[in-house]
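Each remark here refers to the structure printed beneath this line.
2 protein chains.
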Amino acid sequence: MSSLFLRTLREDPADAEVPSHKLLVRAGYVRRVAPGVYSWLPLGLKVLRRIENIVREEMDAIGGQEIQFPALLPREPYEATNRWTEYGPNIFRLKDRKGGDYLLGPTHEELFTLAVKGEYSSYKDYPVVLYQIQNKYRDEERPRAGILRGREFLMKDSYSFDLTDEGLAESYGKHRAAYIRMFERLGLKYVIVAATSGAMGGSASEEFLAESETGEDTFVRGPGGYAANVEAVTTPAPPAQPIEGKPAAAVHHTPDTPTIETLVDFLNAHYESAGGTSVGADRKFTAADTLKNVLLKTRQPGATDWELLAIGVPGDREVDMKRVEAGLEPAEVALLEEKDFAANPFLVKGYIGPKALQDNGVRYLVDPRVVTGTAWVTGADEVDHHVVDLVVGRDFTPDGTVEAAEVRAGDPSPDGQGVLEAARGIEIGHIFQLGRKYANAFSLDALGPDSKPVRITMGSYGVGVSRLVAAVAEQSHDESGLVWPRSVAPFDVHVVIAHKNNPELFEGGESLAAELEAAGLSVILDDRKASPGVKFADAELLGVPTIVVVGRGLAEGTLELKDRATGERTEIPREGAAEAIAAIVRS
Amino acid sequence: MSSLFLRTLREDPADAEVPSHKLLVRAGYVRRVAPGVYSWLPLGLKVLRRIENIVREEMDAIGGQEIQFPALLPREPYEATNRWTEYGPNIFRLKDRKGGDYLLGPTHEELFTLAVKGEYSSYKDYPVVLYQIQNKYRDEERPRAGILRGREFLMKDSYSFDLTDEGLAESYGKHRAAYIRMFERLGLKYVIVAATSGAMGGSASEEFLAESETGEDTFVRGPGGYAANVEAVTTPAPPAQPIEGKPAAAVHHTPDTPTIETLVDFLNAHYESAGGTSVGADRKFTAADTLKNVLLKTRQPGATDWELLAIGVPGDREVDMKRVEAGLEPAEVALLEEKDFAANPFLVKGYIGPKALQDNGVRYLVDPRVVTGTAWVTGADEVDHHVVDLVVGRDFTPDGTVEAAEVRAGDPSPDGQGVLEAARGIEIGHIFQLGRKYANAFSLDALGPDSKPVRITMGSYGVGVSRLVAAVAEQSHDESGLVWPRSVAPFDVHVVIAHKNNPELFEGGESLAAELEAAGLSVILDDRKASPGVKFADAELLGVPTIVVVGRGLAEGTLELKDRATGERTEIPREGAAEAIAAIVRS
Numbered sequence: 072m073s074s075l076f077l078r079t080l081r082e083d084p085a086d087a088e089v090p091s092h093k094l095l096v097r098a099g100y101v102r103r104v105a106p107g108v109y110s111w112l113p114l115g116l117k118v119l120r121r122i123e124n125i126v127r128e129e130m131d132a133i134g135g136q137e138i139q140f141p142a143l144l145p146r147e148p149y150e151a152t153n154r155w156t157e158y159g160p161n162i163f164r165l166k167d168r169k170g171g172d173y174l175l176g177p178t179h180e181e182l183f184t185l186a187v188k189g190e191y192s193s194y195k196d197y198p199v200v201l202y203q204i205q206n207k208y209r210d211e212e213r214p215r216a217g218i219l220r221g222r223e224f225l226m227k228d229s230y231s232f233d234l235t236d237e238g239l240a241e242s243y244g245k246h247r248a249a250y251i252r253m254f255e256r257l258g259l260k261y262v263i264v265a266a267t268s269g270a271m272g273g274s275a276s277e278e279f280l281a282e283s284e285t286g287e288d289t290f291v292r293g294p295g296g297y298a299a300n301v302e303a304v305t306t307p308a309p310p311a312q313p314i315e316g317k318p319a320a321a322v323h324h325t326p327d328t329p330t331i332e333t334l335v336d337f338l339n340a341h342y343e344s345a346g347g348t349s350v351g352a353d354r355k356f357t358a359a360d361t362l363k364n365v366l367l368k369t370r371q372p373g374a375t376d377w378e379l380l381a382i383g384v385p386g387d388r389e390v391d392m393k394r395v396e397a398g399l400e401p402a403e404v405a406l407l408e409e410k411d412f413a414a415n416p417f418l419v420k421g422y423i424g425p426k427a428l429q430d431n432g433v434r435y436l437v438d439p440r441v442v443t444g445t446a447w448v449t450g451a452d453e454v455d456h457h458v459v460d461l462v463v464g465r466d467f468t469p470d471g472t473v474e475a476a477e478v479r480a481g482d483p484s485p486d487g488q489g490v491l492e493a494a495r496g497i498e499i500g501h502i503f504q505l506g507r508k509y510a511n512a513f514s515l516d517a518l519g520p521d522s523k524p525v526r527i528t529m530g531s532y533g534v535g536v537s538r539l540v541a542a543v544a545e546q547s548h549d550e551s552g553l554v555w556p557r558s559v560a561p562f563d564v565h566v567v568i569a570h571k572n573n574p575e576l577f578e579g580g581e582s583l584a585a586e587l588e589a590a591g592l593s594v595i596l597d598d599r600k601a602s603p604g605v606k607f608a609d610a611e612l613l614g615v616p617t618i619v620v621v622g623r624g625l626a627e628g629t630l631e632l633k634d635r636a637t638g639e640r641t642e643i644p645r646e647g648a649a650e651a652i653a654a655i656v657r658s
Numbered sequence: 072m073s074s075l076f077l078r079t080l081r082e083d084p085a086d087a088e089v090p091s092h093k094l095l096v097r098a099g100y101v102r103r104v105a106p107g108v109y110s111w112l113p114l115g116l117k118v119l120r121r122i123e124n125i126v127r128e129e130m131d132a133i134g135g136q137e138i139q140f141p142a143l144l145p146r147e148p149y150e151a152t153n154r155w156t157e158y159g160p161n162i163f164r165l166k167d168r169k170g171g172d173y174l175l176g177p178t179h180e181e182l183f184t185l186a187v188k189g190e191y192s193s194y195k196d197y198p199v200v201l202y203q204i205q206n207k208y209r210d211e212e213r214p215r216a217g218i219l220r221g222r223e224f225l226m227k228d229s230y231s232f233d234l235t236d237e238g239l240a241e242s243y244g245k246h247r248a249a250y251i252r253m254f255e256r257l258g259l260k261y262v263i264v265a266a267t268s269g270a271m272g273g274s275a276s277e278e279f280l281a282e283s284e285t286g287e288d289t290f291v292r293g294p295g296g297y298a299a300n301v302e303a304v305t306t307p308a309p310p311a312q313p314i315e316g317k318p319a320a321a322v323h324h325t326p327d328t329p330t331i332e333t334l335v336d337f338l339n340a341h342y343e344s345a346g347g348t349s350v351g352a353d354r355k356f357t358a359a360d361t362l363k364n365v366l367l368k369t370r371q372p373g374a375t376d377w378e379l380l381a382i383g384v385p386g387d388r389e390v391d392m393k394r395v396e397a398g399l400e401p402a403e404v405a406l407l408e409e410k411d412f413a414a415n416p417f418l419v420k421g422y423i424g425p426k427a428l429q430d431n432g433v434r435y436l437v438d439p440r441v442v443t444g445t446a447w448v449t450g451a452d453e454v455d456h457h458v459v460d461l462v463v464g465r466d467f468t469p470d471g472t473v474e475a476a477e478v479r480a481g482d483p484s485p486d487g488q489g490v491l492e493a494a495r496g497i498e499i500g501h502i503f504q505l506g507r508k509y510a511n512a513f514s515l516d517a518l519g520p521d522s523k524p525v526r527i528t529m530g531s532y533g534v535g536v537s538r539l540v541a542a543v544a545e546q547s548h549d550e551s552g553l554v555w556p557r558s559v560a561p562f563d564v565h566v567v568i569a570h571k572n573n574p575e576l577f578e579g580g581e582s583l584a585a586e587l588e589a590a591g592l593s594v595i596l597d598d599r600k601a602s603p604g605v606k607f608a609d610a611e612l613l614g615v616p617t618i619v620v621v622g623r624g625l626a627e628g629t630l631e632l633k634d635r636a637t638g639e640r641t642e643i644p645r646e647g648a649a650e651a652i653a654a655i656v657r658s
């Protein structure tokens with residue numbers, strides 16, 4: 072440590088909010104260069120490489136073949152799949168000196184597909200799994216939490232190429248198993264959740280989330296084993312109801328009721344006097360009886376014009392924009408601005424109802440709970456007026472359904488077993504069955520045994536390697552600093568010479584470090600001319616799992632061993648210490 | 072090989088000219104994605120990683136500490152050193168979604184300087200050597216020869232930080248020794264030449280060139296050990312001559328003599344009749360007696376206006392634009408266009424002389440041979456007129472000297488020993504003493520023992536890691552394919568099952584491969600259902616150093632061993648083959 076390029080910081084960096092970010096900066100593992108762009112200092116790079124190697128070993132174990140594509144990519148392949156446009160502002164684009172368009176690769180489906188098309192031709196060539204571990208680039212709108220969501224980040228991406236759907240399912244299963252082994256070797260607490268496939272296209276899709284309160288992804292799980300990213304939760308639709316016998320829809324004057332709450336209060340206070348008769352004056356309304364219509368606009372990739380979109384959800388729920396965006400991908404989605412309302416005077420803010428939407432040709436999607444035969448209180452397209460008992464399938468017909476309403480803890484689990492609880496996680500892996508989207512875009516076929524072409528089906532599998540450094544740190548730290556699992560720690564042992572300059576202790580520390588290295592362990596030796604207090608604090612901060620203190624006990628032939636994770640201290644004899652410590656490290 | 076992602080090609084790629092490019096593509100090591108942008112397929116990536124590890128080991132051996140900076144870099148640090156502008160069109164620039172300026176790092180002096188400034192403060196912290204192995208980006212005007220000159224390429228760059236000039240010299244010496252070890256481990260034939268420091272600034276500078284006819288760098292060497300990049304050759308200036316006694320300058324009518332050759336012929340035929348009297352009609356002229364004035368224009372980084380520049384060289388030599396550019400860096404240099412001549416009518420093409428240049432304030436630099444007292448035949452600034460016996464220091468005074476004239480085999484060696492010979496090489500390493508340029512730009516100081524600041528002095532050291540793959544291939548191949556040295560080969564042993572489908576031979580090959588792997592060797596097994604001829608040809612093409620043929624001899628208990636480099640074939644007994652082969656590989 073007297074010559075290591077490392078300076079720890081006493082204070083948390085001003086821009087850091089989450090523990091991993093604070094600690095990785097304070098312990099000198101990473102440094103910020105620009106928003107979402109970080110440098111790896113010696114200890115950080117060691118942890119990153121160890122995680123990278125675990126990922127590599129597990130990929131090799133399922134027969135993955137490592138290759139490496141450039142990060143600087145020409146536009147054409149991404150144009151062919153429309154992703155040049157679909158990615159919008161989320162990718163870095165640039166021009167070369169001749170004006171050619173390039174991008175910094177955010178993910179490499181196109182290149183892998185073209186590579187396989189370039190090398191392979193016969194059905195005998197398949198299946199194949201290819202992967203790379205490489206820096207990727209995304210121009211995140213809000214890079215955050217240090218290396219947790221960066222704009223340059225190290226990723227493992229692999230792709231499977233199969234002749235049949237069954238083959239794809241098998242490749243998917245192998246990856247799933249490999250990911251489970253990877254994350255267990257990293258000592259992570261994680262959950263596998265159903266996911267949407269995002270801009271990638273495709274069908275079966277699961278995310279691996281490291282459980283963490285600071286994670287960006289909210290997921291839900293039920294007691295029966297159901298677990299899903301909130302974006303992927305599907306709302307069980309109740310059975311349709313008979314229309315016959317439903318009271319007629321009636322418009323009522325409901326003064327000063329622009330919000331669901333004021334509306335419900337008004338109806339409960341005045342329903343009878345307002346003229347409602349169908350169930351008598353004692354009819355009770357709740358927010359769940361109302362249908363809230365939220366106006367958005369959407370734009371297809373590459374289009375210049377926005378299109379109006381109305382979303383109807385039960386009034387007791389908010390619209391979750393992330394769920395809406397996931398449901399409408401790859402289209403862009405935005406809230407309406409004042410000028411949009413001004414341009415569409417039929418939209419009466421606070422009182423928008425299905426009638427005006429359908430009369431004016433606005434696309435109207437509703438929550439899956441809004442099934443045929445259900446009756447709703449909703450806007451009557453006139454200030455201070457609502458309609459009661461507007462029945463689906465009789466009084467209006469939506470254009471379809473959308474998963475837009477927020478998912479709440481306590482909602483019934485989609486698997487029919489119990490209710491959901493909510494938690495947060497960090498996305499560390501994503502596996503999904505792409506299917507033939509990219510094979511179709513590039514006509515990737517194998518010549519079959521009957522000489523007919525077989526369209527290849529693909530899977531795509533990602534692991535956020537640099538993010539894993541933060542995810543492990545997020546799950547494994549305490550108030551004093553980082554607490555690395557042995558599998559990823561930058562060193563096996565941290566030897567502290569507990570004195571500023573005592574020559575015997577310095578010699579003792581150096582000879583112990585040499586013995587430990589001879590025993591095959593990696594060692595960081597604190598041989599700085601600093602006080603024991605400073606050295607102990609840095610040892611806690613750096614987080615090497617086993618700390619050996621060479622202190623006053625040395626004269627009597629003892630060393631102190633400290634387990635960083637448990638805090639447990641033990642005395643061990645100096646003689647045979649290297650073997651004893653090696654045994655602990657390898658246990 | 073039956074499942075390896077590898078397809079060899081029978082034909083050379085159409086865009087390939089040099090052997091390494093042809094063979095690396097044909098043997099399936101790399102594939103082109105865009106000009107100067109390549110993918111690494113499994114075998115190529117293995118070779119790249121082996122070379123990377125040799126580079127890493129030698130850097131670690133001199134105490135280098137590995138870190139990693141981003142490739143995506145903000146503009147500001149490069150603005151502070153003016154390199155944002157100086158690099159001109161040679162770097163990739165881009166904007167992020169917020170309009171911020173970024174570049175893809177071509178080299179990282181700025182970031183390393185800032186990193187050390189960020190962590191270190193005391194003189195006790197120094198010296199330090201930091202390095203990274205990372206993809207770099209340069210928007211080359213003419214990417215060529217596959218991975219030999221790419222636009223995305225893997226590079227090791229290291230930087231030394233010292234308190235004193237002596238310390239810098241020591242750090243430089245350590246790197247020089249490390250590079251020698253690296254390149255010897257790679258089995259390269261290379262030469263260390265004096266170099267210019269280019270856009271980097273600084274003083275002592277040497278390049279490591281792998282000798283190769285296809286190299287882009289021309290270098291010269293003398294019998295006394297002198298060796299230099301052509302750009303760095305300094306011309307020994309002859310002693311000045313006395314002006315007194317030199318004949319007076321005289322303008323002559325020299326019709327139809329726009330070239331040196333026509334001029335010399337004319338003078339030798341007509342000198343007396345043209346009025347020359349100083350040495351009589353028998354005076355013989357050669358091209359070396361003439362002074363050729365070449366007009367260029369230069370532009371300083373960031374400037375919008377071009378400035379005229381005249382260069383005078385002896386008429387028997389061409390102007391070498393690469394030497395001119397190196398001498399004038401960081402300014403841009405261009406030839407004059409017709410419109411420039413039109414705008415400066417005093418420039419009489421073919422007859423430009425020092426008089427018009429100096430009368431019109433054109434900057435005029437001459438070859439070091441044009442010393443005070445030498446007399447020249449040169450243009451008289453009038454069509455069909457030249458002046459004879461124009462004497463330096465009497466009739467004109469240049470603004471300075473420039474290394475502009477071509478260097479030729481047979482020129483005297485600058486070390487005074489013998490004459491130069493010319494050869495070509497591939498730049499594989501560059502080491503140089505930057506000095507305080509970057510430390511000055513960022514005020515990188517250490518607090519000295521007397522509490523006064525000490526300005527740090529830096530060295531910068533590069534190795535082209537991906538280029539080394541091509542450089543080794545360039546030096547080590549034959550007509551049949553690649554011939555890898557053992558230190559970098561993708562596998563130790565190539566086992567060929569010399570039959571299309573004989574089950575005994577397949578079993579024999581597989582069991583041998585398993586034994587070899589158990590003995591710690593890496594093995595590629597050709598278990599394809601292909602003819603022996605196809606397999607032998609591919610084995611030669613791939614270039615693994617030791618080829619083992621499992622063929623008909625197996626029944627009698629023998630295998631055939633082939634040394635890829637020498638072509639030597641030997642029979643060895645099957646029994647104990649793994650140990651015997653391991654011994655050969657490790658010898």
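Top to bottom, those sequences are chains A and B.
Positions in the first sequence are counted from 1; adding 71 to them yields my numbering.
Positions in the second sequence are counted from 1; adding 71 to them yields my numbering.
Just so you know, even glycine gets a beta-carbon here, dropped at the ideal spot from N, CA and C.
Taking Cβ positions, are residue i and residue j nearer each other than 8 Å?
| i | j | result |
| --- | --- | --- |
| A/E631 | A/E642 | yes |
To the nearest angstrom, report how far apart residue i and residue j are at their CA atoms.
| i | j | result |
| --- | --- | --- |
| B/R354 | B/H341 | 10 Å |
| A/E550 | A/G107 | 25 Å |
| B/G481 | B/L219 | 30 Å |
| B/V89 | B/S283 | 10 Å |
| A/E287 | A/V365 | 25 Å |
| A/A270 | A/G316 | Reliability fails at A/A270, whose pLDDT of 46 lies under 50, so the model's placement of it is uncertain and no value is given. |
| B/S110 | B/P561 | 16 Å |
Taking residue i as the reference, give the member of the options with the closest Cα.
| i | options | result |
| --- | --- | --- |
| A/T325 | A/A186, A/V390, A/T449, A/P644 | A/T449 |
| A/A358 | A/W377, A/G176, A/E378, A/E389 | A/E389 |
| A/E302 | A/L399, A/Q546, A/R78, A/A320 | A/L399 |
| A/T285 | A/E498, A/P644, A/E611 | A/E498 |
Checking the sheet assignment: what are the DSSP bridge partners for residue i?
| i | result |
| --- | --- |
| B/D336 | DSSP, once it has assigned bridges, lists no residue as partnering B/D336. |
| B/G450 | B/H457 |
| A/F467 | A/V463 |
Does the ligand ATP have a heavy atom nearer than 7 Å to the CB of residue i?
| i | result |
| --- | --- |
| A/L77 | Within the structure as shown, the ligand ATP is missing, as the structure has no ligands at all. |
I'd like the ranges of any beta strand (DSSP E) spanning at least 3 consecutive residues and lying wholly in the segment 580 to 608 of chain A. The DSSP assignment places complete beta strand (DSSP E) segments of no fewer than 3 residues inside the segment 580 to 608 of chain A at 594 to 597, in order along the chain.
Alpha helix (DSSP H) runs wholly inside the segment 365 to 439 of chain B, at least 4 long, in chain order: 392 to 399, 409 to 414, 425 to 430
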